[in-house]
Amino acid sequence: MNLAVIVLEVGMDGLPRYVMMNAVSRSIADLTRDDYLGKTALEIYGGAMGERALAKQLEVVHARKEITYEITMPKVQRTFHLRTTMKPIFGADGRLTHLIGSSMDVTSERELDTALELAKIAKEKAEEAGRIKERFLANMSHEIRTPMNGILGMSELLLESELDEQQVVFANTIHNSADSLLEIINDILDFSTIQAQRVSLRDEPFSLNGMVREIGDLLWARAAYKGIDLRIDYPETEPQNFVGDVNKLRQVLLNLIGNAIKFTEEGHITLGVLFDPSNQNYPLCITVSDTGIGIDDSRKDTIFSAFEQVDSTATREVEGTGLGLAITQALVELMGGAVRVDSALGDGTTFSVLLDLPISEQAIGSPAPENAITSDNSLGSLAEPQQSVDAEFGEAFGILDGLKILVAEDNKTNQLVVKKMLKLTGANLHFVSNGLQAFEAYKSGEWDLILMDLSMPVLGGLEATRLIRNYEKETQYPECRIIALTANAQPSDAEACLSAGMNSFMTKPFRKAELLAQVQA
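Positions 1263 to 1783 (my numbering) are the ones given, in order, by the sequence shown.
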């Protein structure tokens, strides 16, 4: 756009008055010569704009030097933003006689700045909404998992006591129902974490063959309970070791096989692995095939959607959140792969996980699962033979004899769970209800181990751990082992615990065997 030019004469009273406006300036201001001649900016424009323009012109008069400023000119159809440079003109005697101003239309620039600012504000609001959602889910997870630990822990202890046949049925029902509820909670947390884009990959060499057979060992009892044959088809000629996130892939396969067991009443389920180097996109194909109810063609496009179930009828027999396949697809896509389904109603289903994972030359054992949320929390106990009450007590009796354990836990029920689970081990337990008490107790005694909750009044577990670690450095005390025993189940919680100086992380609800394994580690 051409420059708008104005000339003002500075009278004896020191007020600049307009004596010339070029065509561009008159067009922007929508003025005729009679409208501006001999008038000040305040007299021409009035209001805030007139006051600002006159103030800037007087600033040039008083400073006797050039300045640049911006003026906003509201118009009916559009608001103009003008960047004006005002220059003083002096006569032969040195007296200031005129001001000459040139203005550039920077409306588009200002509109872009405004749009960028609005976009920034919208982004910040969206991020804050995401953080609020994450905090809400974390808080809800904690509030739900804390009483769940009491239900599962006490029902497990109840099953170890002397019960008659009917009482065993009742206690098992409580325990299994709590397990099912925990599975739903885990699904919701997994899905929410993925939606918040808080999931990252940890690629490392692993044994795919070892991991596949580990899953088979884990799920065979669950399949056998329904009379289903669980098969592994992993030819020896196929590569055994790959580089990838073994825990994410394990969760994907647990979800798919768990679904297959749910929807298969007879026949078999096969977990197969094939590697085709000629396939440039997805050389690795892992399939989960079943002889179950199959999927109607009309449902195939929606089964990977959140809260959609394979069987969504009012008379469906299999319960669930409908999040398992949505989580599966999201995790596979995060790994750069794809999930395909091939099924016919009444004729079984095959899910194919297609990946492009580098082959590893190292023979790596499949690492144990991370202590994080998985899609199933009851499989381990199903795969183990049932032991008698005496044998269970006998295994734990005296194994921690003399071990001094400080337990920081504000929930009385969870204190009771830990106390009863470790009752026969011979450990000396001392309970405190907040992190400050834990710190003070640590300084006044000698402890072999601390079980530390995260969310406690007065002082949380992370802050208490930092105080303890700093105290150890200052006094050159040997480091005491600290295990997080918490209902905070997000992966970021585990990272926060390790960063604070804890040695291990254990999520509520926990089983007696898990607690004993952690304490003995």
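Just so you know, even glycine gets a beta-carbon here, dropped at the ideal spot from N, CA and C.
>> Check for me: the alpha helix (DSSP H) holding Glu1725 runs from which residue to which?
In response: 1723-1737
Exercise. Look at the alpha carbon of Arg1561 and the alpha carbon of Leu1443, and state the distance between them as a whole number of angstroms.
Key: 26 Å
- prompt: For the candidate residues Val1694, Leu1270, Tyr1331, Thr1330, whose alpha-carbon lies nearest to that of Ile1253?
  reply: A query on residue 1253 cannot be resolved here, the shown segment of the chain reaching from 1263 to 1783 and no further.
Q.
The alpha helix (DSSP H) that contains Asn1690, what's its start and end?
A. Element bounds for Asn1690: not the alpha helix (DSSP H) but the beta strand (DSSP E), 1690-1694.
*Going by Cα to Cα distance, which pick from Gln1513, Ser1439, Ile1447 is closest to Val1474?*
Gln1513
### Query
For the beta strand (DSSP E) that Asp1491 lies in, which residues bound it at each end?
1491-1495
Report task. Sort Gly1534, Gly1489, Glu1500, Val1505 by Cα distance to Ile1477 and report the nearest one. Result -> Gly1534
Note down the Cα distance separating Arg1288 from His1360, rounded to an integer number of angstroms. 19 Å
Discussion item. Considering only heavy atoms of the ligand GTP, does any lie closer than 7 Å to the CB of Ile1548?
Written reply: Because no ligand of any kind appears in the structure shown, any question about the ligand GTP cannot be addressed here.
*Using three-state DSSP, classify Tyr1307 as helix, strand or coil.*
helix
Between Ala1600 and Val1594, which are expected to be in contact by the criterion C-beta below 8 Å, what is the C-beta distance as a whole number of angstroms? 7 Å
Closest by CA to Ala1775, which one among Gly1554, Ser1551, Ala1310, Glu1422? Glu1422
*Proximity of Arg1823 and Gly1300 at Cβ, strictly below 8 Å*: Absent from the structure is residue 1823, since the part of the chain shown begins at 1263 and ends at 1783.
Problem - the segment 1727-1734 / the segment 1681-1694 touching (three or more Cβ pairs under 8 Å) - result: no
Q. How many Å lie between Ser1706 and Ala1700 at the Cα?
A. 10 Å
Reference Pro1350; option with closest CA among Ile1329, His1343, Met1335 | Ile1329
Just verifying my parser: in three-state terms, what is the DSSP assignment at Cys1742? coil
_In whole angstroms, give me the CA-to-CA distance for Pro1545 and Ile1494._
19 Å
message = Here's the rule: buried if 16 or more other CB atoms are within 10 angstroms of the residue's CB, otherwise exposed. What is Glu1405?
response = exposed
Q.
Rounding to the nearest angstrom, what Cα-Cα distance links Ala1703 and Leu1721 in this structure?
A. 14 Å
Just verifying my parser: in three-state terms, what is the DSSP assignment at Arg1224? Given that the chain is displayed from residue 1263 to residue 1783, the structure contains no residue 1224 and the question cannot be resolved.
Please classify Gly1209 as buried or exposed, where buried requires at least 16 other C-beta atoms within 10 Å of its C-beta.
With the chain running from 1263 to 1783 in the structure shown, residue 1209 is simply not present.
- Task: Ignore the nearest five residues each way along the sequence and tell me which others in Ala1756's own chain have a CB closer than 6 Å to its CB.
- Result: Phe1767
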